[in-house]
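> One rule links them: number in the numbering used here = place in the sequence shown (from 1) + 73.
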Amino acid sequence: MDTQNLISQLYSRAQTTMPPAPVAPKEAVAGPDFAEIARGIVDDLRRNEAVAQAGLAGRAEPQSVVMALASTELAIETAVTLRDRVVEAYQEILRMPV
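1) Give the secondary structure of E146 by DSSP, where H, G and I count as helix, E and B as strand, and everything else as coil.
2) I need the boundaries of the alpha helix (DSSP H) containing A125, first residue and last residue.
3) Secondary structure at E165, three-state DSSP: helix, strand or coil?
4) In whole angstroms, give me the CA-to-CA distance for G128 and V138.
5) Do V124 and A141 have their C-beta atoms closer together than 7 Å?
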């Protein structure tokens with residue numbers, strides 16, 4: 074199994090999942106909403122969990138199990154980063170003078 078290939082696949086998948094949205098100074102550009110991102114992460118976790126369960130039962134290739142686990146790790150890191158940004162934004166709002 075080529076680790077570098079796996080990492081590049083996961084990186085490209087992450088880039089297509091959450092593309093950077095350029096923001097013009099006077100215009101607001103709408104990106105994917107929070108619910109859509111959360112739904113995608115949860116669906117990814119469920120799909121990868123099914124592959125991991127199949128691997129434990131001997132019905133899946135070891136390579137697909139490793140890729141599913143790596144993808145799950147990436148999804149969890151994305152969810153944690155998203156949560157941290159939401160909490161940071163909320164704390165910033167709380168610090169604003171009334």
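Every residue gets a Cβ at the ideal spot worked out from N, C-alpha and C, and that includes glycine.
As the structure is a prediction and not an experimental result, all values here were calculated from the model.
Once the coordinates are examined:
1) helix
2) F107 to L129
3) helix
4) 6 Å
5) yes
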